[in-house]
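Written out below as structure tokens is the structure these notes cover.
There are 2 protein chains.
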Amino acid sequence: MLIHHAKQSDIWSHELSIPVLALDVVIFTIYKDQLCVLLTKSQNNCTNWFSLPGSIVSKWYTLNEVFDETLKRKTGITGVYKEQLCTFGDNVARDPRGHVISLAYYALVKSEDFLNQVDYTQVDIVPIVDALKLRLFYEHDKILIYALERLKGKLGYTDIVKVLLAEQFRISQMQEMYEIILGRKLDKRNFQKKIFSLKIICETWKKDTSTNRPAKLYQFENKRIKVIDML
Amino acid sequence: MLIHHAKQSDIWSHELSIPVLALDVVIFTIYKDQLCVLLTKSQNNCTNWFSLPGSIVSKWYTLNEVFDETLKRKTGITGVYKEQLCTFGDNVARDPRGHVISLAYYALVKSEDFLNQVDYTQVDIVPIVDALKLRLFYEHDKILIYALERLKGKLGYTDIVKVLLAEQFRISQMQEMYEIILGRKLDKRNFQKKIFSLKIICETWKKDTSTNRPAKLYQFENKRIKVIDML
DNA sequence: ACAAAAGTGTTCCCCTTACACCCATGT
DNA sequence: ACATGGGTGTAAGGGGAACACTTTTGT
Numbered sequence: 005m006l007i008h009h010a011k012q013s014d015i016w017s018h019e020l021s022i023p024v025l026a027l028d029v030v031i032f033t034i035y036k037d038q039l040c041v042l043l044t045k046s047q048n049n050c051t052n053w054f055s056l057p058g059s060i061v062s063k064w065y066t067l068n069e070v071f072d073e074t075l076k077r078k079t080g081i082t083g084v085y086k087e088q089l090c091t092f093g094d095n096v097a098r099d100p101r102g103h104v105i106s107l108a109y110y111a112l113v114k115s116e117d118f119l120n121q122v123d124y125t126q127v128d129i130v131p132i133v134d135a136l137k138l139r140l141f142y143e144h145d146k147i148l149i150y151a152l153e154r155l156k157g158k159l160g161y162t163d164i165v166k167v168l169l170a171e172q173f174r175i176s177q178m179q180e181m182y183e184i185i186l187g188r189k190l191d192k193r194n195f196q197k198k199i200f201s202l203k204i205i206c207e208t209w210k211k212d213t214s215t216n217r218p219a220k221l222y223q224f225e226n227k228r229i230k231v232i233d234m235l
Numbered sequence: 005m006l007i008h009h010a011k012q013s014d015i016w017s018h019e020l021s022i023p024v025l026a027l028d029v030v031i032f033t034i035y036k037d038q039l040c041v042l043l044t045k046s047q048n049n050c051t052n053w054f055s056l057p058g059s060i061v062s063k064w065y066t067l068n069e070v071f072d073e074t075l076k077r078k079t080g081i082t083g084v085y086k087e088q089l090c091t092f093g094d095n096v097a098r099d100p101r102g103h104v105i106s107l108a109y110y111a112l113v114k115s116e117d118f119l120n121q122v123d124y125t126q127v128d129i130v131p132i133v134d135a136l137k138l139r140l141f142y143e144h145d146k147i148l149i150y151a152l153e154r155l156k157g158k159l160g161y162t163d164i165v166k167v168l169l170a171e172q173f174r175i176s177q178m179q180e181m182y183e184i185i186l187g188r189k190l191d192k193r194n195f196q197k198k199i200f201s202l203k204i205i206c207e208t209w210k211k212d213t214s215t216n217r218p219a220k221l222y223q224f225e226n227k228r229i230k231v232i233d234m235l
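Read top to bottom, the protein sequences are chains A and B.
Per the working numbering, residue 5 is the first one in the first sequence, and the count goes up by one each step.
Per the working numbering, residue 5 is the first one in the second sequence, and the count goes up by one each step.
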């Protein structure tokens, strides 16, 4: 854990006149056709309490490094799509150890990339609908709500959905991703018309024969995330 | 200055294992029909160098308190519209004194509320088009560009423009605010049609006789900032 | 009279939405 | 044969963009 780079004693020292900065991550993934988040479990007199994975930002580490380290520690992977959300610092007493300001990120990862590397004694994969009902440590409830809104918004004006799809995919799989994250059904014909008109995906001339009627496989024209009116 | 709440010696100490958090503010205002920002001047071997107004976040102060203090110090006013932008922390060496992470806000203020309270030896009011060409200290160039984009975006889906207008105003004054900030002309008829259809402003039945042909005066239905499709 | 800004409607186009049936394959 | 998901087109409505002339006042 990053916190070891710092001397614990001085981080929480009463002498120290500046607050500690923590970096907390909402790790989103699609698991069993549901939008889920990774939560850290803490045992607290026999009941589970949850919080978001996070690290203290130590001196001379960039935020990207701290993010990578946090994600790696919980999932074993790096190089995922991430976005900074915002900084929560108006509840100075939220952490009993001292004044902590929390910088929130979200990450978007494919569950198949990390599922077998997770230590399930430390981490739970929780459907977002359930996570939103939990009381989380610190102000992590707020962060979760905010992260979900941002993710939904981002789907509408960028092609980030590509980070959740395989290299090649059925158009219906792409639509499913939208439906799962947005939490509502979309019209099949209108969806296809829109996506094709954007010219962001192209046919591969291969077929996916895993369903009954074989389906065309598509791939994105390029890997870079584009800002573009999707919905 | 807030920095005095902290012991300078330990903030910049090499022993200290956490970075310092600074809060920097892009203070936007309309001045002489131009969108401007307030920049702090520093004398550096006979040439002016500029940076954004900012403060170190001291322990046990909320971000709101630090923001208020920073704004008050530069403009003498409080209680303005503000929005958090983002946190810059990937250039660990940007400040020669040590590792500083910068949390950026922007503020939107009426110039007539503070013009006579500014100490012009410390602060300049700079048109945004000029400010964008300046080389600012730290990563403040980036913050400026980002702040402007966010402000423009926000005009399109909220009624924040109300914080820049007088209690009562001509519809053309409202349009001018949009044109100044967006940096482009809008169609008069389409603008009015849109604004009236939103039912966010109402007639006051007063006239502004300061122009040639007297104009109707309007006011906003309420003071709360609304999320609403404006443009 | 002239200058300056206020006030006011219509048309066109595009994008969104709603909606239903046939097709290719596996079992 | 039947079940499953794939594939396809059209019509109606709403919102945005383009566009010019008359009115009211001050000078």
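Glycine residues also receive a C-beta, built at the ideal position from the N, C-alpha and C atoms.
CB contact check: residue i to chain B, cutoff 8 Å
i                : result
His103 (chain A) : yes
Thr66 (chain A)  : yes
Asp233 (chain A) : no
Cys206 (chain A) : no
Lys203 (chain A) : no
Lys86 (chain A)  : no
Ser4 (chain A)   : Nothing about residue 4 (chain A) can be reported from this structure: the residues present for chain A run from 5 to 235 only.
Ile164 (chain A) : no
Thr91 (chain A)  : yes
Asp14 (chain A)  : yes
Val133 (chain A) : no
Assigned secondary structure, residue i (DSSP; H/G/I helix, E/B strand, else coil)
i                : result
Leu6 (chain A)   : Reliability of the predicted coordinates at Leu6 (chain A) is poor, the pLDDT of 45 falling under 50, and the value obtained from them is presented with this limitation in mind. Reduced to three states, the DSSP call for Leu6 (chain A) is helix.
Leu138 (chain A) : coil
Asp128 (chain B) : strand
Val84 (chain B)  : coil
Val242 (chain B) : Here chain B has residues from 5 to 235 only, and residue 242 (chain B) is not among them.
Gln172 (chain A) : coil
Thr66 (chain A)  : coil
Nearest-angstrom beta carbon gap, residue j and residue i [assumed within contact, 8 Å]
i                : j                : result
Leu56 (chain A)  : Leu107 (chain A) : Between Leu107 (chain A) and Leu56 (chain A) the Cβ distance is about 11 Å, and since that is not below 8 Å, they are no contact.
Leu190 (chain B) : Gln179 (chain B) : 6 Å
Phe54 (chain B)  : Leu152 (chain B) : Phe54 (chain B) to Leu152 (chain B), Cβ: 16 Å. No contact.
Ile232 (chain A) : Ile204 (chain A) : 7 Å
Leu159 (chain A) : Leu186 (chain A) : 7 Å
Gln172 (chain B) : Leu202 (chain B) : So it is not a contact: roughly 18 Å between Cβ atoms.
For residue i, the residue or residues it bridges with in DSSP
i                : result
Phe92 (chain B)  : B:Ser106
Tyr35 (chain B)  : B:Gln38
Ile205 (chain B) : B:Phe224
Asp163 (chain B) : Answer is none; Asp163 (chain B) lacks a bridge partner.
Ile60 (chain B)  : B:Ala26
Ala219 (chain B) : B:Asp212
Ala111 (chain A) : A:Ile31, A:Lys86
Gln47 (chain A)  : A:Asn52
Val231 (chain B) : B:Thr162
Residue-chain proximity (residue i, chain A), Cβ-Cβ < 8 Å
i                : result
Gln177 (chain B) : no
Met5 (chain B)   : Low per-residue confidence applies at Met5 (chain B): pLDDT is 41, beneath 50, and the placement is therefore not dependable, though the value from the model is reported in the following sentence. No, its Cβ sits nowhere closer than 8 Å to a Cβ of chain A.
Ile229 (chain B) : no
Asp123 (chain B) : no
Leu25 (chain B)  : yes
Ile31 (chain B)  : no
Leu74 (chain B)  : In the sequence on display, residue 74 (chain B) carries Thr and not Leu. By this cut-off, Thr74 (chain B) is not an interface position.
Leu20 (chain B)  : yes
Lys146 (chain B) : no
Lys3 (chain B)   : Nothing about residue 3 (chain B) can be reported from this structure: the residues present for chain B run from 5 to 235 only.
Ser62 (chain B)  : yes
Ile149 (chain B) : no
Val127 (chain B) : no
Ile34 (chain B)  : no
Asp244 (chain B) : Outside the shown range of chain B, which is 5 to 235, sits residue 244 (chain B), and nothing can be said about it.
Nonlocal neighbours in the same chain, by C-beta distance under 7 Å from residue i, ignoring five residues either side
i               : result
Ile15 (chain B) : Val24, Ile60
Same chain, Cβ closer than 6 Å to residue i, five either side skipped, listed in chain order
i               : result
Thr33 (chain A) : Cys40, Val113, Ser115
Ile52 (chain B) : Looking at the sequence shown, residue 52 (chain B) is not Ile but Asn. Lys45, listed in sequence order.
Met5 (chain A)  : Residue confidence for Met5 (chain A) is low, a pLDDT of 42 falling below 50, so the modelled location carries little weight and cannot support an answer.
Contacting residues, own chain, Cβ-Cβ under 8 Å from residue i (five flanking each side not counted)
i                : result
Ala219 (chain A) : Arg174, Ile175, Ser176, Lys211, Asp212
Lys166 (chain B) : Phe224, Lys227, Ile229
Glu69 (chain B)  : none
Tyr240 (chain B) : Because chain B in this structure spans residues 5 to 235, residue 240 (chain B) falls outside the shown range and cannot be described.
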